[in-house]
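Protein chains: 2
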Amino acid sequence: MTISKYKKGYRAEWELLHKIYKSGFLAIRSPRSGRIGLPSPDIIAVKNRRLIVIECKSREDGFTVDKDQIGQLKAWKKRAKAMVYIAWRMSRKGWRFIPLEDVIKNRGRIGKKFYEKNGIEFDKIFK
Amino acid sequence: MTISKYKKGYRAEWELLHKIYKSGFLAIRSPRSGRIGLPSPDIIAVKNRRLIVIECKSREDGFTVDKDQIGQLKAWKKRAKAMVYIAWRMSRKGWRFIPLEDVIKNRGRIGKKFYEKNGIEFDKIFK
Numbered sequence: 173m174t175i176s177k178y179k180k181g182y183r184a185e186w187e188l189l190h191k192i193y194k195s196g197f198l199a200i201r202s203p204r205s206g207r208i209g210l211p212s213p214d215i216i217a218v219k220n221r222r223l224i225v226i227e228c229k230s231r232e233d234g235f236t237v238d239k240d241q242i243g244q245l246k247a248w249k250k251r252a253k254a255m256v257y258i259a260w261r262m263s264r265k266g267w268r269f270i271p272l273e274d275v276i277k278n279r280g281r282i283g284k285k286f287y288e289k290n291g292i293e294f295d296k297i298f299k
Numbered sequence: 173m174t175i176s177k178y179k180k181g182y183r184a185e186w187e188l189l190h191k192i193y194k195s196g197f198l199a200i201r202s203p204r205s206g207r208i209g210l211p212s213p214d215i216i217a218v219k220n221r222r223l224i225v226i227e228c229k230s231r232e233d234g235f236t237v238d239k240d241q242i243g244q245l246k247a248w249k250k251r252a253k254a255m256v257y258i259a260w261r262m263s264r265k266g267w268r269f270i271p272l273e274d275v276i277k278n279r280g281r282i283g284k285k286f287y288e289k290n291g292i293e294f295d296k297i298f299k
């Protein structure tokens, strides 16, 4: 990944974090650099004990979430009783949130049609 | 703060994070460098929707938690319905967790006697 793409993804995550705050949730972001072998998702948001866990992807094209990462996210669903989403920010479309269950059913693969069909909009989640 | 003290505090936080994982909680750590104006505590831990928010301090001597930080932690208590603690790792004593309410009552001041009296041990919180 080029540095400019990395920066773009980083900025997009920050914008998402601020948007989450504005919606009345509190949130914490864990930069990838600060993890070291623990199952840490990108963002955790909370309001009134309602816990939302998000793994963020800023990519042009479809992608596959690898098994390790899915395993880590499942742990959050099971142990923390969180709602877990893969958030994809497609160019010119903004973030959409795909429930982990749907991603697992699709064997981790996330493409554009899948995003259109299963991706939930921000306002439907952070309310 | 010297670099070696910073590193020591950093390592201590990592050890705490791993200990939290081992106790069956999931946790996420937000390095101070990755915040920028949002009320982010150091660590959030969750098990079965039980949410614990921790601000970590590794210091030799007593200290005062400033008003801004207390305000941010109060937001987590109120909006996220979290249990909030200031964790102090005193030399040769290990971490103890002081409930935010107690810290507020004491006007943010945390000294050694206060730590002995109000600090809760790890095993009583992460169970």
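One line per chain: the protein sequences are U and W, in this order. For the record, in the first sequence the residue sitting at position 107 is 279 according to the working numbering, with numbers rising by one throughout. For the record, in the second sequence the residue sitting at position 13 is 185 according to the working numbering, with numbers rising by one throughout. Ideal placement from N, C-alpha and C gives every residue a C-beta, glycine not left out.
Would a check of beta-carbon distances place residue i closer than 8 Å to chain U?
{"i": "Leu272/W", "result": "no"}
{"i": "Val218/W", "result": "yes"}
{"i": "Tyr287/W", "result": "no"}
{"i": "Tyr193/W", "result": "yes"}
{"i": "Leu189/W", "result": "yes"}
Using the Cβ count rule (16 or more neighbours within 10 Å means buried), how would you classify residue i?
{"i": "Asp295/U", "result": "exposed"}
{"i": "Met176/W", "result": "In the sequence under discussion, the amino acid at residue 176/W is Ser, which differs from the Met named in the question. Classification of Ser176/W: exposed, given that the 10 Å Cβ count is below 16."}
{"i": "Ser212/W", "result": "buried"}
{"i": "Tyr178/U", "result": "exposed"}
{"i": "Lys284/U", "result": "exposed"}
{"i": "Arg264/W", "result": "exposed"}
{"i": "Arg201/W", "result": "buried"}
{"i": "Lys229/U", "result": "buried"}
{"i": "Glu232/W", "result": "exposed"}
{"i": "Arg279/U", "result": "exposed"}
{"i": "Gly240/U", "result": "Contrary to the premise, residue 240/U reads as Asp rather than Gly in this sequence. With fewer than 16 other Cβ atoms within 10 Å, it is exposed."}
Measuring only between beta-carbons, confirm whether residue i sits less than 8 Å from chain W.
{"i": "Ile224/U", "result": "no"}
{"i": "Ile200/U", "result": "yes"}
What residues from chain U crowd round residue i, counting only those whose CB sits closer than 8 Å?
{"i": "Tyr257/W", "result": "In chain order: nothing, as chain U lies at least about 15 Å away."}
{"i": "Trp260/W", "result": "None at all; the shortest Cβ gap to chain U is about 21 Å."}
Residue i versus chain W: which residues are under 7 Å apart at the beta carbon?
{"i": "Lys253/U", "result": "Asn220, Arg221"}
{"i": "Ser212/U", "result": "Ile200"}
On the DSSP letters alone, give me the boundaries of the alpha helix (DSSP H) that residue i sits inside.
{"i": "Lys289/W", "result": "284-290"}
{"i": "Leu210/W", "result": "That residue, Leu210/W, is in no alpha helix (DSSP H); it is neither H nor E in DSSP."}
{"i": "Ala247/U", "result": "239-251"}
{"i": "Asp295/W", "result": "294-297"}
Residues of chain U with CB under 7 Å from residue i, in chain order?
{"i": "Trp248/W", "result": "Leu198"}
In chain U, what lies closer than 9 Å to residue i by C-beta?
{"i": "Leu245/W", "result": "Simply none; closest approach about 11 Å."}
Quick one: give me the first and last residue of the beta strand (DSSP E) that residue i is part of.
{"i": "Glu273/U", "result": "Not the beta strand (DSSP E): Glu273/U falls in the alpha helix (DSSP H), residues 272-277."}
{"i": "Lys229/W", "result": "222-229"}
{"i": "Arg261/W", "result": "255-262"}
Answer yes or no: the CB of residue i versus the heavy atoms of the ligand SAM, is any distance below 7 Å?
{"i": "Gly234/U", "result": "In terms of ligand content, the structure shown is empty, and the ligand SAM therefore cannot be addressed."}
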